[in-house]
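These notes are about the structure you will find just below.
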Amino acid sequence: MTDFSELGLSPKVLRAVTEAGYEKPTPIQAGAIPPALEGKDVLGIAQTGTGKTASFTLPMICKLARGRARARMPRSLVLCPTRELAAQVAENFDTYSKHVKLTKALLIGGVSFKEQDVLIDKGVDVLIATPGRLLDHFERGKLLLTGIEIMVVDEADRMLDMGFIPDIERIFSLTPFTRQTLFFSATMAPEIERITNTFLSAPARVEVARQATASETIEQGVVMFKGSRRDRAASEKRAVLRALIEAEGEKCTNAIIFCNRKVDVDIVAKSLKKYGLNAEPIHGDLDQSQRTRTLDAFRNGDLKLLVASDVAARGLDIPSVSHVFNYDVPSHSEDYVHRIGRTGRAGRDGKAVMICAPSDEKNFAAIEKLIDKEIPRIENPVKSRAPEPKAEAPVEKAPEVQTAEEKPERSSRSSSSRRSRGGKSGGGSGGQSRQRDEAVVGMGDHMPQFIAMSFEERRAS
Ligand code: ADP
Ligand code: MG
Numbered sequence: 002m003t004d005f006s007e008l009g010l011s012p013k014v015l016r017a018v019t020e021a022g023y024e025k026p027t028p029i030q031a032g033a034i035p036p037a038l039e040g041k042d043v044l045g046i047a048q049t050g051t052g053k054t055a056s057f058t059l060p061m062i063c064k065l066a067r068g069r070a071r072a073r074m075p076r077s078l079v080l081c082p083t084r085e086l087a088a089q090v091a092e093n094f095d096t097y098s099k100h101v102k103l104t105k106a107l108l109i110g111g112v113s114f115k116e117q118d119v120l121i122d123k124g125v126d127v128l129i130a131t132p133g134r135l136l137d138h139f140e141r142g143k144l145l146l147t148g149i150e151i152m153v154v155d156e157a158d159r160m161l162d163m164g165f166i167p168d169i170e171r172i173f174s175l176t177p178f179t180r181q182t183l184f185f186s187a188t189m190a191p192e193i194e195r196i197t198n199t200f201l202s203a204p205a206r207v208e209v210a211r212q213a214t215a216s217e218t219i220e221q222g223v224v225m226f227k228g229s230r231r232d233r234a235a236s237e238k239r240a241v242l243r244a245l246i247e248a249e250g251e252k253c254t255n256a257i258i259f260c261n262r263k264v265d266v267d268i269v270a271k272s273l274k275k276y277g278l279n280a281e282p283i284h285g286d287l288d289q290s291q292r293t294r295t296l297d298a299f300r301n302g303d304l305k306l307l308v309a310s311d312v313a314a315r316g317l318d319i320p321s322v323s324h325v326f327n328y329d330v331p332s333h334s335e336d337y338v339h340r341i342g343r344t345g346r347a348g349r350d351g352k353a354v355m356i357c358a359p360s361d362e363k364n365f366a367a368i369e370k371l372i373d374k375e376i377p378r379i380e381n382p383v384k385s386r387a388p389e390p391k392a393e394a395p396v397e398k399a400p401e402v403q404t405a406e407e408k409p410e411r412s413s414r415s416s417s418s419r420r421s422r423g424g425k426s427g428g429g430s431g432g433q434s435r436q437r438d439e440a441v442v443g444m445g446d447h448m449p450q451f452i453a454m455s456f457e458e459r460r461a462s
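Residue 2 is where the sequence shown starts when you use the numbering used here, and the numbers rise one by one after that.
See below:
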């Protein structure tokens, strides 16, 4: 295996790498650093957690160390899809350039223009930015991109998902065509292939570990979940999630819970907290300081459960987690690989459990196809915990249940009345309820899912 000292890095950078505690370069670093140092364009294809950041920051620092910054004309540019990623790249720069004198500016939302303008005016060696914010600065006329010698596009596939490709193309066209381009992506979607064909010239292509093979070391499972009724499915699904987390017990030291939508990130985090679990949400709509606080807490172990959207979690530098819970089946199958790649790193055991609703089945099939493997089915932990006879009883009352299904607006009321009875159920209360017509609707009480849920609720309280 290659050593860092064989890659052609400068002694000062090598020293910083050693001090960072890295012993050997990762495959993407070993593959990308030498051509980058030679001034070649690089197309790096590697999944999350493979060490891509150092594979572009290290050669950049070496190259930028020769030469000086000029006012308003940054010499290099790193584009990242999210603020967190940009901030992380900036941190990496600080770590690796500590023995080299370089200036940098971070252009991300949530940080004032003024501060950043001052830095840019003075001249920076490295500009780290999200595409939108960079273009905002550019349009305010405070920034010239004609001095860019090296341009990095990090997490290009995520840029694509977030609709940043037109911005990226525009930024490419604002920089000199003589620039060196280092381009990184976990996957090569056709649109990304097109961009690289257009803007990279004769790149060294460095590809490590095909994305679909990420999952080999991770124990996976899926619960095929169907709500008892449409209006209850969401809360029942949250109960399933809680039960899955509980079922892992102490084995679950820290976990990321992925939701497809921001609103669900909030709802799920709130619900977990309500049930006494140590959880916080992270997504793009939360303000920067809150996101930073949440991430710090997660990194240092104060926070156990991070509820996240794909975008927020993408590429976050989080030491391996013991578990990944997919509250939703991701709609892009590659995201599944990214998500579960958060666990089982560095040879440690990892477990990834997903909940699949009927509407997710198509996406689920696509995932199994991508990873070319059947994900073992896990029994719904909520259902299996419910006492069997009670769970079966309601089948006889199926007609009433249907009534309820047609009148979901009533069911919420009945659901609270149910809860106040502490989840008591069975034939006894049935006769009573039948005297009031709304309460009869509430006899959906006898749905097996509900019985299980209230059981859960009682356990948690
Ligand atoms: P990616 O961008 O590919 O998702 P990162 O650059 O964020 O990956 O690196 C993931 C983690 O691996 C970080 O915690 C980083 O500090 C660590 N890391 C990177 N390179 C090495 C190395 N050569 N040896 C040990 N750890 C490394
Ligand atoms: Mg990265």
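Ideal Cβ positions, reconstructed from N, Cα and C, are used throughout, including at glycine. Note that the structure is predicted; figures quoted are calculated from it, not measured.
DSSP puts residue i in a beta bridge; with which residues?
| i | result |
| --- | --- |
| M355 | V223 and N327 |
| R180 | None; R180 has no bridge partner. |
| I129 | V79 and L107 |
| V308 | I258 and P282 |
| L44 | F184 and R206 |
| T54 | Looking at the DSSP assignment, T54 forms no beta bridge with any residue, so it has no partner. |
| V153 | V79 and L183 |
| V322 | T344 |
Mind checking whether residue i and residue j have CB atoms under 8 Å apart?
| i | j | result |
| --- | --- | --- |
| D329 | C260 | yes |
| I257 | L307 | yes |
| I319 | R292 | no |
| F326 | L245 | yes |
| D4 | C81 | no |
| S229 | E237 | yes |
| S77 | D126 | yes |
| P191 | K41 | no |
| L145 | M74 | yes |
| A298 | P382 | no |
| I129 | V101 | no |
| P36 | L8 | no |
| G285 | T83 | yes |
| I172 | M160 | no |
| R141 | G110 | no |
| L107 | F139 | no |
| G52 | I34 | no |
| L242 | V269 | yes |
| G45 | F185 | yes |
| A495 | V266 | It is not possible to answer for residue 495, since the shown part of the chain is limited to 2 through 462. |
| F226 | A367 | no |
| G32 | V207 | yes |
| D158 | I193 | yes |
| P177 | T218 | no |
Tell me the DSSP secondary structure of residue i in three-state form.
| i | result |
| --- | --- |
| R71 | strand |
| S332 | coil |
| T344 | strand |
| I379 | strand |
| K274 | helix |
| R1 | Within the shown structure, residues of the chain are numbered from 2 to 462, placing residue 1 beyond reach of any answer. |
| L10 | coil |
| K141 | The displayed chain sequence assigns Arg, not Lys, to residue 141. Coil at R141, not helix or strand. |
| V442 | Because V442 carries a pLDDT of 43, less than 50, the predicted location of this residue cannot be relied on, and the following value inherits that uncertainty. Note: V442 maps to helix in three-state DSSP. |
| C63 | helix |
| P26 | coil |
| N301 | coil |
| G428 | Low confidence applies here, because G428 scores a pLDDT of 39, under 50, leaving its location unreliable; read the following figure in that light. Helix at G428. |
| T49 | coil |
| F114 | helix |
| A33 | helix |
| T3 | coil |
| M189 | coil |
| K102 | coil |
| L146 | coil |
| K374 | coil |
| E85 | helix |
| L296 | helix |
| E39 | coil |
| A244 | helix |
| M163 | coil |
Is any beta-carbon of chain D found at less than 8 Å from that of residue i?
| i | result |
| --- | --- |
| L15 | The question asks about chain D, but that chain is absent: this structure has only one protein chain. |
Any contact of the stretch 139 to 157 with the stretch 173 to 185, i.e. 3+ C-beta pairs under 8 Å?
-> yes
Stretch pair the stretch 329 to 338 + the stretch 273 to 288: three plus CB contacts closer than 8 Å = no
Give a yes or no on contact between the stretch 97 to 109 and the stretch 57 to 73, applying the rule of three or more CB pairs nearer than 8 Å.
-> yes
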